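Input: a single structure, listed below in structure tokens.
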Amino acid sequence: MKVAVIGAGWAGMAAAIAHVQAGRQVTVFEAARTVGGRARAVPGALPDGTPATLDNGQHILIGAYAESLRLMRLVGVDIDTALLRLPLTLQFPDGQGLQLPDLPPPLDALLGIARAKGWGWRDKLALLRTATAWQLRGFRCAPATSVAALCAPLTPRLMTEFIDPLCVSALNTPANQASGQVFLRVLQDSLFSGRGGSNLLLPRADLGALFPEAAARWLQQQGGQVLTGQRIQRLQPLPGGRWQPVVAANGTEEPGAFDHVTLACPSWEASRLVEGLAGTAGLASAARWSATTSALRFEAITTVYAHAPGAHLPLPMLALRNTATHPAQFVFDRGQLDGQHGLLAFVVSASDGDRALIEQQVLQQAAAQLGISALQPVQTVVEKRATFACTPGLQRPGMQVLPGLTACGDYVDGPYPATLEGAVLSGTAVAALA
-2 MKVAVIGAGW
8 AGMAAAIAHV
18 QAGRQVTVFE
28 AARTVGGRAR
38 AVPGALPDGT
48 PATLDNGQHI
58 LIGAYAESLR
68 LMRLVGVDID
78 TALLRLPLTL
88 QFPDGQGLQL
98 PDLPPPLDAL
108 LGIARAKGWG
118 WRDKLALLRT
128 ATAWQLRGFR
138 CAPATSVAAL
148 CAPLTPRLMT
158 EFIDPLCVSA
168 LNTPANQASG
178 QVFLRVLQDS
188 LFSGRGGSNL
198 LLPRADLGAL
208 FPEAAARWLQ
218 QQGGQVLTGQ
228 RIQRLQPLPG
238 GRWQPVVAAN
248 GTEEPGAFDH
258 VTLACPSWEA
268 SRLVEGLAGT
278 AGLASAARWS
288 ATTSALRFEA
298 ITTVYAHAPG
308 AHLPLPMLAL
318 RNTATHPAQF
328 VFDRGQLDGQ
338 HGLLAFVVSA
348 SDGDRALIEQ
358 QVLQQAAAQL
368 GISALQPVQT
378 VVEKRATFAC
388 TPGLQRPGMQ
398 VLPGLTACGD
408 YVDGPYPATL
418 EGAVLSGTAV
428 AALA
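For reference, each letter of the sequence shown is one residue, going -2 to 431 in the working numbering.
Dropping the structure here:
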């Protein structure tokens, strides 16, 4: 069976691997010149002109990302070298916050909460009571419940210093708009999935090297093709249920017919391609899939890279106190991760505003909260459609689009928000539908 995978992001590479392992002949088409999708490396330069390797967004993984870790190992990535494993830590620059010890659950959470700095016993007991109630209910809540409503029994300090940063980092959606059910699933699979499930896994390599570039090499070694700079303009149905991907005008030959196509491109591109099929006789059901997909709303993520000689954080990652004028929720010390000393990455999840204003506010936030006033901006990356807005009761499209046509990505129907793990899980699962 000949399979075309359209998109070489994390979901697409996972799908291609699964198709190859099922004995299929795979060709991956990627519109960009590099693989990785929205989790890829981008070139940059420090203020003195020294080249720097950045990412189009500062991602993290957690220990519960079993499928991501399995695929990395499969394609030859040394996990211990590529990722820095740390206990779950939401520590602020003043030393306050939560840090879990290296113990099996639930002992790690119990001891971590009991030792949390800056939290009173009222805060700690409220969290323990509420978390116990969530567990007794099987980590389920009404579909329409928001994270804010779910966490109503908690104190204002817990909302500000624990729930809000955790919610926005996992779901990239503010707590008053975010799905309580998805949030509970994330908590269940991280804090209660087994020892190490809640660990932070911070990339020591750029996001391209972390998985997609190694996956592309693995696919080519298995006889697959990875074609970059190839944007698919439309899909042409052929007799016998086959498909002809039509490459955007670029002077190259058309790639031939395929028995199956997996759409692993961004949701808006997948919707465009499927919408183009809705007028074809017998394919009217494509319109429903396209309508569901195009109805998704999106949240932005802004990453501000800044540099100062000697800039150093007490930990590789710190939480920041987020306000209207201090928008970043987290900061990463790239010197402790990939050796780019003095380079800090500030993450503004669910960001909304002008790039220049956000950059200016983040530098002011660094001076106020970190005491680093000499930072110079290196590059500010705004991913306007970084993730879908993970709202209560959200209808997400399924993986089966039409006979012989499937879709994968972090946006397809599933229990998780838009994460790297959600993307690769969908990629692995979609191959079973071919």
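We put the beta carbon where it would ideally sit given N, CA and C, even for glycine. Since the structure is predicted, the reported quantities are computational estimates derived from the model, not experimental observations.
| Item | Value |
| --- | --- |
| Quick one, which of Pro242, Leu340, Arg70, Phe180 has its alpha-carbon nearest Thr300's? | Leu340 |
| Opposite Thr299 in the DSSP bridges: which residues? | Val345, Val379 |
| Would you mind sorting Leu181 into buried or exposed? The rule is 16 or more other CB atoms within 10 Å of its CB. | buried |
| Closer than 7 Å by C-beta to Ala13: which residues in its own chain qualify, once you throw out the five before and the five after it? Chain order, please. | Val2, Val23, Val25, Leu216, Gly221 |
| Report back the beta-carbon spacing between Leu360 and Pro374 to the nearest angstrom; my notes put them in contact at under 8 Å. | 7 Å |
| If Gly34 sits next to Ala79, beta carbons under 8 Å apart, how far is it from one beta carbon to the other, in whole angstroms? | With a Cβ gap of about 18 Å, Gly34 and Ala79 do not count as contacting. |
| Taking the straight line between their C-alpha atoms, what separation do you get for Ala172 and Val409? | 22 Å |
| Whose C-alpha, out of Ser143, Pro153, Ala363, Gln230, is nearest the C-alpha of Ala316? | Ala363 |
| Between Phe255 and Phe385, which are expected to be in contact by the criterion C-beta below 8 Å, what is the C-beta distance as a whole number of angstroms? | Not confirmed; about 28 Å, so no contact. |
| So the candidates are Val32, Ala15, Pro48, Val0; which of them puts its Cα closest to the Cα of Gly336? | Pro48 |
| Out of curiosity, what's the CA-to-CA distance linking Ser190 and Gln227? | 40 Å |
| Here's the rule: buried if 16 or more other CB atoms are within 10 angstroms of the residue's CB, otherwise exposed. What is Pro150? | exposed |
| Does the region 197 to 208 come within contact of the region 322 to 334, defined as at least 3 CB pairs closer than 8 Å? | yes |
| By DSSP's criteria, Lys(-1) is part of a beta bridge. Which residues make up the other side? | Gln22 |
| According to DSSP, is Gly248 helix, strand or coil? | Low confidence applies to Gly248: its pLDDT is 48, below 50, so where it sits in the model is not reliable, and the reading given next is rough at best. If DSSP states are grouped into helix, strand and coil, Gly248 belongs with coil. |
| Within a Cβ cutoff of 7 Å, which residues of the same chain sit near Pro400, ignoring the five residues on either side of it in sequence? | Gly238 |
| In three-state terms, what does DSSP make of Trp240? | strand |
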